[in-house]
Amino acid sequence: MSSELRKYLRFYQRDARLPVAYHDLLNFYESFPVIDKNGKDTLWESPLYPPYELERLHAGLKKVYAMLKASGNLRIVEHKYIDRIDYCKFGNSNPFRIKIVNRLNDIYDYFYVKKADSSRIYGLELEEIFSPNQVNYIVDGETLIEEHIAGIPGDEFARTRMRDPDYNPIRIAKEFVKFNERCKITLLGDMRSYNFVMQITPDFDDFQFRLRAIDFDQQFYEGNLKVYMPQFFKENLPYVQLAMEHLTDKTVVQYQQEEQSSIMYQAKAERYRLRDLRDVCIKDKISTADNIHQLRESLAAHYSDDHYHKCETMTEIIELNIKNVIRMVIA
């Protein structure tokens, strides 16, 4: 992580001195699989720590939670305890998931301890700036603490609830189209159904749906344009089929334009933060020359815009994406 990025994080109050680091949680001597209520392996493991180490970790993790949720006010964890620590070997981020419980009423929450890297942090920042969602995280050196994003995993929703007769399929399809458009513009990659969640909000006459990304490991690194378009992943086929069943070409374009308009307004509202992020990111080598060349050629063809040929960094590509969005909305 560059010194410029660390300065950016301090300025925007994402930087903190944490009592527990990612590498501290790696000091377990054994682990066993975490099985769900249906007897299926969750791909998470529950690590075992020496008693003296476990007490220190639990005390530190409670402080971390207070820093994440209440600017370090320890009063919010007076009646809370760490119920479990889970570790995931699946994927490339290998996060720890922490379950914290209020002993007064058994209400629980989760948060995550991950390895901090530039790509993931840029992804979190772009999500904060351009999506309708707030993102809560803090960083200390090589350790990243992320708030849990509540929702039904996208693959589980597609398998068990998508065809619920109480749900309006057009609203679900609309949300997927908008999510697909946002990922393409901000170059958020690998949004397979297990990397996003569906949030459902009952309204006075219907249900509202929102797709939220929960994994930012593939923020503008890959050169293949399809990596940034959720519609091309086989895991997302149920969402694509739903859109094909219930949307016309005209309505798809309408929903894409709605998302473009939202991104334009966010870009204007957050222009100073976006400028600061750009100035940091453009100096950071977060992808390869081959990937940048491949992506800019694909986007030049996709948008019929030769300006992409001049982009030398992923940052310049996203900047041109945003400028083109603003031009399209204004036009």
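End of the sequence shown sits at 351 in the numbering used here; the numbers just go up one at a time, nothing left out. Idealized CB from N, CA, C, for every residue including glycine. All of these numbers come straight from a predicted model, not from anything done at the bench.
Give the range of the alpha helix (DSSP H) segment to which residue i is assigned.
| i | result |
| --- | --- |
| residue 71 | 71-90 |
| residue 190 | 189-206 |
| residue 139 | 138-150 |
| residue 312 | 309-323 |
| residue 177 | 174-180 |
| residue 286 | 269-289 |
| residue 44 | 42-45 |
| residue 15 | Here the chain has residues from 21 to 351 only, and residue 15 is not among them. |
Please state if the CB of residue j and the CB of residue i are separated by a distance shorter than 8 angstroms.
| i | j | result |
| --- | --- | --- |
| residue 318 | residue 256 | no |
| residue 345 | residue 284 | yes |
| residue 287 | residue 297 | no |
| residue 66 | residue 126 | no |
| residue 68 | residue 91 | no |
| residue 157 | residue 209 | no |
| residue 128 | residue 168 | no |
| residue 162 | residue 275 | no |
| residue 352 | residue 314 | A question about residue 352 goes unanswered here, because the residues of the chain that appear run from 21 up to 351. |
| residue 44 | residue 53 | no |
| residue 218 | residue 229 | yes |
| residue 190 | residue 290 | no |
| residue 300 | residue 28 | yes |
Taking its Cβ as the centre, do 16 or more other Cβ atoms sit within 10 Å of residue i, making it buried, or is it exposed?
| i | result |
| --- | --- |
| residue 233 | buried |
| residue 333 | buried |
| residue 59 | exposed |
| residue 265 | exposed |
| residue 23 | exposed |
| residue 183 | exposed |
| residue 63 | exposed |
| residue 177 | buried |
From this set, the options, which residue's C-alpha is nearest residue i's C-alpha?
| i | options | result |
| --- | --- | --- |
| residue 101 | 176, 307, 161, 120 | 120 |
| residue 79 | 97, 199, 186 | 97 |
| residue 326 | 332, 316, 334, 53 | 316 |
| residue 25 | 277, 348, 303 | 303 |
| residue 225 | 130, 252, 188, 57 | 188 |
| residue 21 | 153, 338, 142 | 142 |
| residue 252 | 196, 222, 305, 349 | 196 |
| residue 174 | 222, 144, 215, 272 | 215 |
| residue 48 | 93, 177, 116, 321 | 116 |
| residue 179 | 273, 277, 262 | 262 |
| residue 113 | 321, 235, 292 | 235 |
| residue 130 | 109, 155, 104 | 104 |
| residue 153 | 99, 231, 330 | 231 |
Please report the straight-line C-alpha distance between residue i and residue j, rounded to a whole angstrom.
| i | j | result |
| --- | --- | --- |
| residue 238 | residue 172 | 21 angstroms |
| residue 405 | residue 70 | The shown model of the chain, from 21 to 351, leaves out residue 405, and the question about it has no answer. |
| residue 312 | residue 202 | 19 angstroms |
| residue 328 | residue 254 | 28 angstroms |
| residue 159 | residue 35 | 5 angstroms |
| residue 336 | residue 324 | 17 angstroms |
| residue 279 | residue 198 | 6 angstroms |
| residue 88 | residue 123 | 20 angstroms |
| residue 340 | residue 74 | 49 angstroms |
| residue 77 | residue 138 | 26 angstroms |
| residue 193 | residue 181 | 13 angstroms |
| residue 165 | residue 135 | 9 angstroms |
| residue 37 | residue 84 | 9 angstroms |
| residue 33 | residue 269 | 43 angstroms |
| residue 309 | residue 282 | 31 angstroms |
| residue 259 | residue 118 | 31 angstroms |
| residue 31 | residue 82 | 25 angstroms |
| residue 95 | residue 86 | 8 angstroms |
| residue 273 | residue 267 | 10 angstroms |
| residue 185 | residue 347 | 40 angstroms |
| residue 223 | residue 46 | 44 angstroms |
| residue 358 | residue 144 | The structure shown has nothing for residue 358, since the chain only spans 21 to 351. |
| residue 277 | residue 147 | 19 angstroms |
| residue 305 | residue 247 | 19 angstroms |
| residue 307 | residue 110 | 23 angstroms |
Which two residues bound the contiguous beta strand (DSSP E) that contains residue i?
| i | result |
| --- | --- |
| residue 230 | 227-233 |
| residue 51 | 50-55 |
| residue 258 | Careful: residue 258 lies outside any beta strand (DSSP E), inside the alpha helix (DSSP H) at 257-266. |
| residue 122 | 116-122 |
| residue 164 | 163-167 |
With a threshold of 8 angstroms between beta carbons, is residue i in contact with chain D?
| i | result |
| --- | --- |
| residue 295 | Chain labels in this structure do not include chain D; a single protein chain is all it has. |
Is residue i close to the ligand SAH? I mean its beta-carbon at under 7 angstroms from any heavy atom of the ligand.
| i | result |
| --- | --- |
| residue 159 | Summarising the ligand content, the structure contains no ligands, and the ligand SAH is consequently not present. |
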